[in-house]
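Visitor:
There are 2 protein chains.
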Amino acid sequence: MADTARPTRPARRRYGLRPTMKDVAARAGVGLKTVSRVVNGEPGVTPDTERRVQEAITALGFRRNDSARILRKGRTSSIGLVLEDLADPFYAPLSRAVEEVARAHGALLINGSSAEDGERERELVLALCARRVDGLVIIPAGDDHRYLEPEIAAGVATVFVDRPAARMEADAVLSRSFEGAREGVAHLIAHGHRRIGFIGDLPRIHTAAERLRGYRAAMAEAGLPVDESWVALGPTDPGRVRADAERMVAGPGAAGPVTALLTGNNRVTVTVVRVPAVREGRVALVGFDDFELADLLTPPVTVIAQEPALLGRKAAELLFRRLEGADDAPRRVELPTRLVPRGSGEIPPSHP
Amino acid sequence: MADTARPTRPARRRYGLRPTMKDVAARAGVGLKTVSRVVNGEPGVTPDTERRVQEAITALGFRRNDSARILRKGRTSSIGLVLEDLADPFYAPLSRAVEEVARAHGALLINGSSAEDGERERELVLALCARRVDGLVIIPAGDDHRYLEPEIAAGVATVFVDRPAARMEADAVLSRSFEGAREGVAHLIAHGHRRIGFIGDLPRIHTAAERLRGYRAAMAEAGLPVDESWVALGPTDPGRVRADAERMVAGPGAAGPVTALLTGNNRVTVTVVRVPAVREGRVALVGFDDFELADLLTPPVTVIAQEPALLGRKAAELLFRRLEGADDAPRRVELPTRLVPRGSGEIPPSHP
DNA sequence: CCCCATTCTGACAACGTTGTCCACCCTCTC
DNA sequence: GAGAGGGTGGACAACGTTGTCAGAATGGGG
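Residue numbers (numbering that gives the first Met the number 0), protein chains in the order written: chain F, 0 to 351; chain D, 0 to 351.
(1) Suppose contacts are defined by Cβ-Cβ distances below 7 Å. Is Ala-129 of chain D in contact with Arg-26 of chain F by that definition?
(2) So for Gly-179 of chain F, helix, strand or coil by DSSP?
(3) Of the residues that make up the stretch 123 to 141 of chain F, which ones have a beta carbon closer than 8 Å to any beta carbon in chain D?
(4) Using 8 Å as the threshold, is the stretch 124 to 139 of chain D in touch with the stretch 50 to 59 of chain F, meaning 3 or more CB pairs across them?
(5) I think Ala-114 of chain D touches Asp-84 of chain D, with their Cβ atoms under 8 Å apart; what is that distance to the nearest whole Å?
(6) Residues in the stretch 285 to 319 of chain F with C-beta within 7 Å of chain D's C-beta atoms, listed in sequence order?
(7) Could you give the distance in angstroms between the alpha-carbon of Met-218 of chain F and the alpha-carbon of Ile-198 of chain F?
(8) Any chance the stretch 62 to 77 of chain D sits against the stretch 275 to 284 of chain D, with 3 or more Cβ pairs inside 8 Å?
(9) Tell me which residue opens and which closes the alpha helix (DSSP H) that Leu-107 of chain F is part of.
(10) Taking the CB atoms as reference points, tell me whether Arg-193 of chain F and Leu-223 of chain F lie closer together than 7 Å.
(11) Considering only residues of the same chain and omitting the five flanking positions on each side of Arg-239 of chain F, which have a CB-CB separation below 7 Å?
(12) What did DSSP end up calling Val-184 of chain F once you bin it into helix, strand or coil?
(13) Among the candidates F:Gly-43, F:Val-271, F:Pro-92 and F:Arg-181, whose CA atom is the shortest distance from the CA of Pro-298 of chain F?
(14) Going along the stretch 93 to 110 of chain F in order, which residues come within less than 7 Å of chain D, judged by CB to CB distance?
(15) Residues of chain F with CB closer than 8 Å to the CB of Ile-69 of chain D, please, in chain order.
(16) Mark Gly-179 of chain D as exposed unless 16 or more other C-beta atoms lie within 10 angstroms of its C-beta, in which case mark it buried.
(17) Beta-carbon of Pro-237 of chain D versus every beta-carbon of chain F: anything under 7 Å?
(18) With 7 Å set as the bound, which would you pick, yes or no: does the beta-carbon of Gly-199 of chain D sit closer than that to a beta-carbon of chain F?
(19) To the nearest angstrom, how far is it from the Cα of Arg-215 of chain D to the Cα of Ser-228 of chain D?
(20) Taking its Cβ as the centre, do 16 or more other Cβ atoms sit within 10 Å of Glu-150 of chain D, making it buried, or is it exposed?
(21) Give every residue of the same chain whose Cβ lies closer than 6 Å to the Cβ of Glu-333 of chain D, excluding the five residues on either side of it in the sequence, and list them in chain order.
(22) Does DSSP put Leu-201 of chain F in a helix, a strand or coil?
(23) Looking at the C-beta of Ala-169 of chain D, does it have a partner C-beta in chain F at a distance below 7 Å?
(24) Should Arg-63 of chain D be flagged as near chain F, meaning a C-beta pair shorter than 7 Å?
(25) Can we say the stretch 308 to 319 of chain F touches the stretch 289 to 298 of chain F, given the rule of at least three CB pairs closer than 8 Å?
(26) Please name the residues in the stretch 154 to 168 of chain D whose beta-carbon is closer than 7 Å to at least one beta-carbon of chain F, in chain order.
(27) Looking at the strands, I want to know which residues DSSP matches up with Ser-174 of chain D.
(28) With a threshold of 7 Å between beta carbons, is Leu-338 of chain F in contact with chain D?
(29) Measure how close the beta-carbons of Leu-91 of chain F and Ala-91 of chain D come, nearest whole angstrom, since I'm counting them as under 8 Å.
(30) Compare the C-beta of Pro-275 of chain D with all C-beta atoms of chain F and state if any pair is closer than 7 Å.
(31) As a quick exercise: from D:Ala-253, D:Gly-263 and D:Ala-244, pick the residue whose alpha carbon is nearest that of Pro-275 of chain D.
(32) To the nearest angstrom, report how far apart Gly-40 of chain D and Pro-139 of chain F are at their CA atoms.
In structure tokens form, the structure reads like this:
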């Protein structure tokens, strides 16, 4: 005649053996709600009762279960960040900046890397939505973000950074890639270059496309032809980038070798600086994105600098403004880039 | 005679206007549990019923509320990572590695930066515990982690990385800082140096203390005296580090200037490489931690390399082994460092 | 000495999901 | 045609918290 008749009960206490408010209440000899009031610092509890409750809390090692709280309150006080690679020196400070803003608003940050894979991005984002994050900051990898529309309609604030959303209107914080690239190429042209190469990221990535557009615009404005062998877009793995750079510098094509290169992002740049012609100062170089120690290389690397931390901060601030209720039309914030001449961009052409 | 008598109801639907399983069930004309079965891919639903439920799900834009699921199931499938600074090039790959392992186990990563502040670390960790993360990976900043004992007892798996827990037994994954530093200094001694300086992080940080110990051991083993003006520990801000380096190199003390430096981590190293005496190759340098482009500086920087990604991966793997039930005694994993000679450490002393 | 106002406290429902258990319906067999 | 048996579907409780509301206790004034 064992206790066969007792109602549903899990085999094991959840969460190890964590005490709940009920346990605290029993121990302190008060009601459940009184414990809740003490835990949340609500008024209306006599000092004596409060003390008893506090004692029970410490004695039992109680810690409020935020999962239950979240379920009840409907706010998670957490935001999601999805980017390409947390370890990329460009995105790491961006991520840190988002975290700081989140912290200032009492929110935690959940983040994940999409590895530049649209499907993985989607999975991550939807997992975050299932967690009911209050908002999302996304550096998009995919080419269609309409899957987010129901989520946004349901109240998940969403801000895109570095690249805009695809096939959808949404808040975005971007750098002026087109203008930056154009300025970088113009800089090279001003130093006498006429045959300039561009090595960039995958063409489906917005920034890569914009920077290519900037490159072409600067060339066209100077009345210079662009030989298609001078343009190489693709994954940023060192093998591919290095091969493209060496090919352009050797110049087997009819148009001849390039005398200068514009690199499309920090990953490309740090590979290209290893190419002998660049290291030996025979080919000029302007790199998109600043990077640590750029000024200590020989020659020091001229860059078009963005401010990743500022991108992250602006995006997070916009996100929290939305969370506080701002519901005007989607906004696109554009941040300027800054050309930092250091030497590698000022090398004159060696084959004039 | 308005509906004054109806029971408790929040003013506004939670989570925007998200549909729940109840809504889906009503629309599909089935029971609540059947929807749950479909959503979780449980068996026992006829294809026809499943189709009807799926249609209702898409029509309503339903997405399961993981907060409720978590509350019910007692597992959050998320782990917390607390480190000093997400943007530090040493910690970023570590963080990424933890994320990859978490992803492989279907868990999300919540992370926060402690900014090397023990109190902030504690707040973060406890917030994560309140969220009931399944486990924690911590790069500790504080000097007493006993506050974690109740949490660990309650079942939060915890692994420390890079530095051990203070005043507590716990799993830890570390680099062999002592041996690494000793090897670095021995390398300098082998190249003829007798007056070697050490510039490190705050002495309360375990790795800094260990590396200092390694430095002293190598000097002692070679029978070399250490003048206290050759040792400088403190925050890694560039101003402090640079001043200390310049002071040691100028050598106003009775013991004379140093002819070589050991730097205690990547932040210190990238500051010290800017000191003129180092850039001009008048002072030898061995840096703890490898860093990008170290081989392209002049002179190329000799380093004691750790593998941050491996540290992160080992820690996360250990964490998940714990989560899967391994409950043997706390384990300390130590990873070797690797001396990478590149030039800056092989410069002979200029004042013999 | 009673009554009312003012604190303080606690019972109860609800958040959205999952686990348990029972009822039903179909098909198959005798 | 009836009973057995397997396969589906649904009612209900429970996870741990917070919001509502009513009841209890206290104190002061008439």
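Note that CB positions come from ideal geometry on N, CA and C, so glycine has one too.
All of these numbers come straight from a predicted model, not from anything done at the bench.
Guide: Looking at the atomic coordinates:
(1) Taking the first residue of the second sequence as position 1, residue 129 of chain D is located at position 130. Taking the first residue of the first sequence as position 1, residue 26 of chain F is located at position 27. It is not a contact, given that the beta carbons lie outside the stated cut-off.
(2) The residue labelled residue 179 of chain F in the question sits at position 180 within the first sequence. Correct three-state label for Gly-179 of chain F: helix.
(3) Leu-125, Ala-126, Leu-127, Cys-128, Ala-129, Arg-130 and Arg-131
(4) no
(5) Here the question's residue 114 of chain D lines up with position 115 in the second sequence. Here the question's residue 84 of chain D lines up with position 85 in the second sequence. Contact holds; Cβ gap of about 7 Å.
(6) Glu-291, Leu-292, Leu-295, Leu-296 and Thr-297
(7) Start at 1 with the first residue of the first sequence, and residue 218 of chain F comes out as number 219. Start at 1 with the first residue of the first sequence, and residue 198 of chain F comes out as number 199. Roughly 15 Å separates the two Cα atoms.
(8) no
(9) Your numbering for residue 107 of chain F matches position 108 in the first sequence. First-last for Leu-107 of chain F: 107 to 112, but that is the beta strand (DSSP E), not the alpha helix (DSSP H).
(10) On the first sequence, residue 193 of chain F is found 194 positions in, with the first residue counted as 1. On the first sequence, residue 223 of chain F is found 224 positions in, with the first residue counted as 1. A contact, by the Cβ cut-off of 7 Å.
(11) As a working note, residue 239 of chain F is residue 240 in the first sequence. Gly-233.
(12) Looking up residue 184 of chain F in the first sequence gives position 185. Reduced to three states, the DSSP call for Val-184 of chain F is helix.
(13) Residue 298 of chain F sits at position 299 when you count from the first residue of the first sequence. When each option's Cα is compared against that of Pro-298 of chain F, the closest is F:Val-271.
(14) Ser-94, Arg-95, Glu-98, Leu-107, Leu-108, Ile-109 and Asn-110
(15) If you number the second sequence from 1, residue 69 of chain D lands on position 70. Correct list: Ser-66.
(16) Stepping through the second sequence from its first residue, residue 179 of chain D is reached at position 180. Buried.
(17) Translated into positions along the second sequence, residue 237 of chain D becomes position 238. No, Pro-237 of chain D does not count as interfacial toward chain F.
(18) For this step, residue 199 of chain D is matched to residue 200 along the second sequence. No, no contact with chain F.
(19) Sequence index remark: in the second sequence, residue 215 of chain D carries index 216 (1-based). Sequence index remark: in the second sequence, residue 228 of chain D carries index 229 (1-based). When rounded, the distance between both Cα atoms is 13 Å.
(20) Within the second sequence, the letter at position 151 stands for residue 150 of chain D. By the 10 Å Cβ count, Glu-150 of chain D comes out buried.
(21) In the second sequence, the residue the question calls residue 333 of chain D occupies position 334. Same-chain partners within the cutoff: Leu-173 and Arg-175.
(22) Position 202 of the first sequence, counted from the start, is the residue given in the question as residue 201 of chain F. Residue state, collapsed to three classes: coil.
(23) Mapped onto the second sequence, residue 169 of chain D falls at position 170. No, because no Cβ of chain F sits closer than 7 Å to the Cβ of Ala-169 of chain D.
(24) As a working mapping, residue 63 of chain D is identified with position 64 in the second sequence. It does; some Cβ of chain F falls within 7 Å.
(25) no
(26) Gly-154
(27) In the second sequence, counting from the first residue as 1, residue 174 of chain D sits at position 175. Partner(s): D:Leu-334.
(28) Locating residue 338 of chain F in the first sequence gives position 339, where the first residue counts as 1. It does not; no Cβ of chain D falls within 7 Å.
(29) Position 92 of the first sequence, counted from the start, is the residue given in the question as residue 91 of chain F. Position 92 of the second sequence, counted from the start, is the residue given in the question as residue 91 of chain D. Reading the sequence as shown, one finds Ala at residue 91 of chain F and not Leu. With 8 Å as the limit, Ala-91 of chain F and Ala-91 of chain D qualify as a contact, their Cβ atoms being about 4 Å apart.
(30) Taking the first residue of the second sequence as 1, we reach residue 275 of chain D at position 276. Output row for Pro-275 of chain D: interface = no.
(31) The residue you call residue 275 of chain D lines up with position 276 of the second sequence. Per the Cα distances, D:Ala-244.
(32) Residue 40 of chain D sits at position 41 when you count from the first residue of the second sequence. Residue 139 of chain F sits at position 140 when you count from the first residue of the first sequence. Taking the straight line joining both Cα atoms gives about 29 Å.
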